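Enquirer: Take a look at this one; I'll ask things after.
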Amino acid sequence: MGLRPIFSALMRNGAGAILVAIQIALTLAIVVNAVFVTEQRVTKIGRDSGMDDQNIFAVPVTSFEKNHDFFAMVRNDLAMLREMPGVVDAAPTTQVPLSGGGSSTQFYSLPEKKGEKSPVAYYNTDEHGVNTLGVKLVDGKTFAATEIEFRPKDAQGLPGTAIVTRAFAEVLFPKDKEHLVGKTFYDDQGKPTVIVGVIEQMHGAWVGWDKLDRVMLSPLVGPGPGIRYLVRTEPGQIDSVMSAVEVALRKRDPNRVVGKLRSMQNFKQSSYSSDSLMAVTLSVVTGLVLVFSALGIFGLATFNVNTRTRQIGTRRAVGARKRDIVSYFMAENWMVTTLGVVVGCVMALGVGFWLSNQYGLPRLDLYFLVGGVLGLWALGQLAAWQPARRAAKVSPAMATRSV
Amino acid sequence: MFAYYLRLSLQSFRRNPGLTALMIMAIALGISVCMVTLTSYRAAARIPLPDKNDLLYVPNIDSWDPENPYDKDKPGNAPDLQTYRDTRALYASTIPDRKLMMFKAGGVLSGGNKMVPEYVSARMTTGDFFPMFETPFLFGSGWNAKADEGPEPVVVLSKETNEKAFGGANSVGKTVLWHDREFRVVGVLNDWEPAPKFFDVSNGSFDDPEEIYVPFTWGQIMELGSDGNTNCWKTEDIQSYQDFLNSECIWFENWVELRTPAKVAAYRKFLDDYVIEQKSKGRFQRPLNNHLYTIEGWMERNQVVGTDNKAMLIMAFAFLAVCLVNTVGLLLAKFLNAAPVAGVRRALGASRRDIFWQHLTESGVVAVAGGLAGGLLGVAGIWALRAWYGRFVQDLERVLPTDFGTFVIAVGISLAAGLIAGFYPAWRIGRAAPASYLKVQ
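Just so you know, the protein sequences line up as chains A and B, in that order.
In this text, residue positions in the first sequence follow this note's numbering: the first is 8, and each later residue adds one.
In this text, residue positions in the second sequence follow this note's numbering: the first is 50, and each later residue adds one.
Written out as structure tokens, the structure reads:
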């Protein structure tokens, strides 16, 4: 069967076909870009933070009365927290990883701002920090209790030792990635810090930062008056432990402020909320667009069949088999879809290029375009299948009847 | 005639209820998706204090690292905050009609008769803050320039804080303790929750406003650090709070009110002169890069409307386009299917125009039905969006309002879109020659 007669028949009643083609073109442009962006966001949200982030929560406390012994408060609070049922471990921190709030600073592999350099997000904690975060130490050891500096107000500078992520250490010492423990790096005033432990993987403060996995833990507590405790619980017990901890902290020392308890999961979801919203919105739009395109193709194919009952009957009467009728309509649909897909490819690339240019989104990956084209071809054929089957059922006797 | 066309439309819908429902749904979904994205876009793009857009300015000077721009992606931007020295120097200018300097701090508030001690966020600022940003007062007022100089131990509470500390009673003249120091309440704000939080976009454009307001100079007396962003670039030996204040670290913001173009020009010159003078002292080694932003310009520079927001809006309107093309196709199919009826009406004397209007009415009815359904779906969508964000942000009503305006816009867009969608099919059917349809009957 030649495609030419189908094509010329199409051209005679072009408006409907062109509308379907436009719809398919727009659908391809939207779907390809939406799926591409969604896929990136989902990957971003699903990254491993390196921490036991499901089972950690944070509680801020602030001492405010004059002569309130801040360090005694921290020591006693933490000792109590570590004894509580359901608690794996607890540690002090300045900020909560993944929360969007934090501090970063720049380090160099050589003194006097020489050698390799890298920024790093840092957290001040104690010897329980590594276990509380649930990060995996791949080399070296965690801080010793004697190493922790309880720092009064106005003291400055770094303590001299640190546990760092592999990602950070490897940027500073790219030539000796096997022996990172014991290496010394320097701040911008040339003060040295020695690596005592290396963490396999840990996320820092800002999920939108491309150096999210460069993190440093410092053996430092204070100065007050505010601090946060991180608490890691047994799996599944976070909710009950959170309420127990709130009560226990208030009871142990009423002369300070216990702030709002918040799980790391909540911080994480909040930090990724714009990404997840984008992913959800785009998925919904993608789904709807596909459904409507399919319905549109289906509707128009049905209409075409209805208006051509006599023509189909005539063809059947002069010898066309059912199979011929089905393939006629499928071929017609395929031609329309192809026209739409060709235009759609250009549009999809245009939109992708424009989005990446205008808004700094990454350039559209061509695999997504290929997938979109194949998908829409399949969708078009699926949507036309039922009307085409119905057309094949038209009896040859229709040729002699009026509509 | 219109009523008759309406009746015909309804009859036509009854003939093909599935197809009609499909068209209405297509428009409704397209409209609702647009409505949701438009709401979040409009929320972000709203310009606070539109009347003051040509009065209020943010001075912005580039004290950053000579070797690296503040923002590598936008090297033309100066840092969004100032050093302590510079914020004081800019505040000292007598050109502006009003001026303020500020930073964000925090600390424990106690001492009110109903107060359970609590950590509260504080805006350390100067007295002009209140008239410049037109903050509404429930009780009392802000403080004057004399209180800034003292500084006097005065405080303005947010409405919520006043409720916590004094049960909502008029607390002017009463005292609270902040950082264990006594402050006298001079004013209580009424509900004031600008979204976006235009006066502190560097710490979160949609953050809640601060809970108390305290004269700026207390910050230095009490040696308070920033509760927001602090950024430093320079190698400096910082041993004390005073060293920190004198460092090149940035955490302050200035705003000025300039009522005449002459003052704007004079203030620009003041900024340039100041930077040039500082250059001679070895600071400001970057090229002269001063800006004086309006509120709108400041929102734009800080990308308060995120790129995601824009991309989603574009996607939403593209989706609406698909829905409309879909509807055009379905309407065309439907009308041509019923062409014989139109043929009979033409033969009985209806003019082409009558047929056209009849079918356009039908399209309009579909559009309005789709618009109303879409408006309702859109409101539901906005609720869903609020539920989504509600886990992280309190008080979403102000960030994502469902106003009647958006609903009207939705129905309006829908009607316009429906009529555009119906135009071609109605024209096409109106043009069809009656004879060809009558033959087969």
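Positions of the beta carbon are idealized from the N, C-alpha and C atoms, including for glycine.
Since the model is a prediction, treat every value here as computed from it, not as a measurement.
(1) Taking A/V27 as part of the alpha helix (DSSP H), name the residues at either end of that continuous run.
(2) Please list the partners that A/L33 has in chain B, where partner means a Cβ-to-Cβ separation under 7 Å.
(3) Considering only the alpha carbon of each residue, which of A/T139, A/M91, A/G347 and A/Y129 lies closest to A/V238?
(4) Expressed to the nearest angstrom, what Euclidean distance is found between the alpha-carbon atoms of A/P199 and A/G122?
(5) For the putative contact between A/W341 and A/G387, defined by C-beta atoms under 8 Å, what is the C-beta separation to the nearest angstrom?
(6) Let me make sure I understand the geometry here. Which of A/V292, A/F299 and A/A286 has the alpha-carbon closest to that of A/Q47?
(7) Less than 9 Å between the C-beta atoms of A/Q365 and B/T356, yes or no?
(8) Would you call B/K328 buried or exposed, if buried means 16 or more other Cβ atoms sit within 10 Å of its Cβ?
(9) Out of curiosity, what's the CA-to-CA distance linking A/V2 and A/G379?
(10) Measuring alpha carbon to alpha carbon, tell me which of A/R330, A/E72, A/N311 and A/P67 ends up nearest B/L226.
(11) Just to confirm, is the Cβ distance from A/F43 to A/G359 under 9 Å?
(12) When DSSP labels each residue in this structure, what does B/T224 get in the three-state scheme?
(13) B/H228 and B/V165: beta carbons closer than 9 Å?
(14) With 8 Å as the limit, tell me which residues of the stretch 29-53 of chain A have their beta carbon closer than that to any beta carbon of chain B; keep them in chain order.
(15) Residues of chain B with a CB under 8 Å from the CB of A/V296: which are they?
(16) I'd like to know if A/M271 contacts chain B, where contact means its C-beta is closer than 9 Å to some C-beta of that chain.
(17) Taking DSSP as the reference, what is the three-state secondary structure of B/W476?
(18) Could you give the DSSP three-state label for B/H408: helix, strand or coil?
(19) Find the residues of chain B that neighbour A/A338, judging by a C-beta separation of less than 7 Å, and give them in chain order.
(20) What residues are listed by DSSP as bridge partners for A/S225?
(21) According to DSSP, is A/D84 part of a helix, a strand, or is it coil?
(22) Does the beta-carbon distance from B/A470 to B/T376 come in below 9 Å?
(23) Please say whether A/H210 and A/L219 have beta carbons closer to each other than 9 Å?
(24) What did DSSP end up calling B/K278 once you bin it into helix, strand or coil?
(25) By DSSP's criteria, B/F186 is part of a beta bridge. Which residues make up the other side?
(26) Using the Cα positions of A/V27 and A/G294, report the straight-line distance between them to the nearest angstrom.
(27) Against chain B, does A/F360 count as a neighbour if the rule is that its beta carbon must be under 9 Å from one of theirs?
(28) List, in order along the chain, the chain B residues whose C-beta lies closer than 7 Å to that of A/E72?
(29) Can you give me the start and stop residues for the beta strand (DSSP E) that B/R147 sits inside?
(30) How big is the Cα-Cα spacing for B/N126 and B/R335?
(31) What is the rounded straight-line gap between the Cα of B/S81 and the Cα of B/K163?
(32) Is it buried or exposed for B/Y140, if we count other Cβ within 10 angstroms and need 16 for buried?
(33) Per DSSP, which one or two residues make a beta bridge with B/Y342?
(34) Against chain A, does B/L468 count as a neighbour if the rule is that its beta carbon must be under 9 Å from one of theirs?
Expert: Based on what the coordinates show:
(1) Locating residue 27 of chain A in the first sequence gives position 20, where the first residue counts as 1. Taken as a continuous stretch (DSSP letters only), the alpha helix (DSSP H) holding A/V27 covers G21 to I52.
(2) Taking the first residue of the first sequence as position 1, residue 33 of chain A is located at position 26. Near A/L33 (Cβ distances below 7 Å), the residues of chain B are A367, A370, V371 and V374.
(3) Translated into the one-based positions of the first sequence, residue 238 of chain A becomes position 231. The option with the nearest alpha carbon to A/V238 is A/T139.
(4) Taking the first residue of the first sequence as position 1, residue 199 of chain A is located at position 192. Taking the first residue of the first sequence as position 1, residue 122 of chain A is located at position 115. The straight-line gap from Cα to Cα measures roughly 14 Å.
(5) As a working note, residue 341 of chain A is residue 334 in the first sequence. As a working note, residue 387 of chain A is residue 380 in the first sequence. Confirmed, Cβ separation roughly 7 Å.
(6) The residue given as residue 47 of chain A occupies position 40 in the first sequence. Of the candidates A/V292, A/F299 and A/A286, the one whose C-alpha sits nearest the C-alpha of A/Q47 is A/A286.
(7) The residue you call residue 365 of chain A lines up with position 358 of the first sequence. The residue you call residue 356 of chain B lines up with position 307 of the second sequence. Yes, the Cβ-Cβ distance between A/Q365 and B/T356 is below 9 Å.
(8) Position 279 of the second sequence, counting from 1, holds the residue named residue 328 of chain B. Residue environment for B/K328: exposed (fewer than 16 other C-beta atoms within 10 angstroms of its C-beta).
(9) Since the first and last residues shown for chain A are 8 and 410, residue 2 of chain A lies out of range.
(10) Position 177 of the second sequence, counted from the first residue, corresponds to residue 226 of chain B. Checking every option, the nearest Cα to that of B/L226 belongs to A/E72.
(11) As a working note, residue 43 of chain A is residue 36 in the first sequence. As a working note, residue 359 of chain A is residue 352 in the first sequence. A contact, by the Cβ cut-off of 9 Å.
(12) Here the question's residue 224 of chain B lines up with position 175 in the second sequence. The answer is strand: DSSP assigns B/T224 an E or B state.
(13) The residue labelled residue 228 of chain B in the question sits at position 179 within the second sequence. The residue labelled residue 165 of chain B in the question sits at position 116 within the second sequence. At the C-beta level, B/H228 and B/V165 stay beyond 9 Å of one another.
(14) I29, Q30, L33, T34, A36, I37, N40, A41 and V44
(15) Translated into positions along the first sequence, residue 296 of chain A becomes position 289. Correct list: F368 and V371.
(16) In the first sequence, the residue the question calls residue 271 of chain A occupies position 264. It does not: the Cβ of A/M271 has no partner Cβ on chain B nearer than 9 Å.
(17) To locate residue 476 of chain B, count along the second sequence from 1; it is residue 427. Three-state result, B/W476: helix.
(18) By 1-based counting over the second sequence, the position of residue 408 of chain B is 359. Three-state DSSP puts B/H408 in a helix.
(19) On the first sequence, position 331 is the one that residue 338 of chain A refers to. The premise fails here: A/A338 is roughly 20 Å from chain B at the closest Cβ pair, so nothing lies under 7 Å.
(20) As a working mapping, residue 225 of chain A is identified with position 218 in the first sequence. Beta-bridge pairing links A/S225 to A/N131.
(21) By 1-based counting over the first sequence, the position of residue 84 of chain A is 77. A/D84: helix per DSSP, three-state reduction.
(22) On the second sequence, residue 470 of chain B is found 421 positions in, with the first residue counted as 1. On the second sequence, residue 376 of chain B is found 327 positions in, with the first residue counted as 1. Against a cut-off of 9 Å, the Cβ pair of B/T376 and B/A470 comes out as a contact.
(23) Numbered from its first residue, the first sequence carries residue 219 of chain A at position 212. Numbered from its first residue, the first sequence carries residue 210 of chain A at position 203. The answer is yes: Cβ separation under 9 Å.
(24) Looking up residue 278 of chain B in the second sequence gives position 229. For the record, residue 278 of chain B in the displayed sequence is Asn; it is not Lys. In this structure, B/N278 counts as coil in the three-state DSSP scheme.
(25) The count along the second sequence starts at 1 and reaches residue 186 of chain B at position 137. Note: B/F186 sits in a beta bridge opposite B/L238.
(26) Your numbering for residue 27 of chain A matches position 20 in the first sequence. Your numbering for residue 294 of chain A matches position 287 in the first sequence. Computed Cα separation, rounded: 18 Å.
(27) Here residue 360 of chain A corresponds to residue number 353 of the first sequence, with the count starting at 1. So, not an interface residue.
(28) In the first sequence, counting from the first residue as 1, residue 72 of chain A sits at position 65. In chain order: D229.
(29) As a working note, residue 147 of chain B is residue 98 in the second sequence. R147 to S159 is the extent of the beta strand (DSSP E) around B/R147.
(30) On the second sequence, position 77 is the one that residue 126 of chain B refers to. On the second sequence, position 286 is the one that residue 335 of chain B refers to. The straight-line gap from Cα to Cα measures roughly 12 Å.
(31) For the purposes of this step, residue 81 of chain B is identified with residue 32 of the second sequence, where counting begins at 1. For the purposes of this step, residue 163 of chain B is identified with residue 114 of the second sequence, where counting begins at 1. Their Cα atoms are separated by approximately 46 Å.
(32) Counting from 1 along the second sequence, the entry for residue 140 of chain B is found at position 91. So B/Y140 counts as buried.
(33) Translated into the one-based positions of the second sequence, residue 342 of chain B becomes position 293. DSSP output for B/Y342 lists B/V107 as bridge partner(s).
(34) Position 419 of the second sequence, counting from 1, holds the residue named residue 468 of chain B. False, the Cβ-Cβ gap to chain A never drops below 9 Å.
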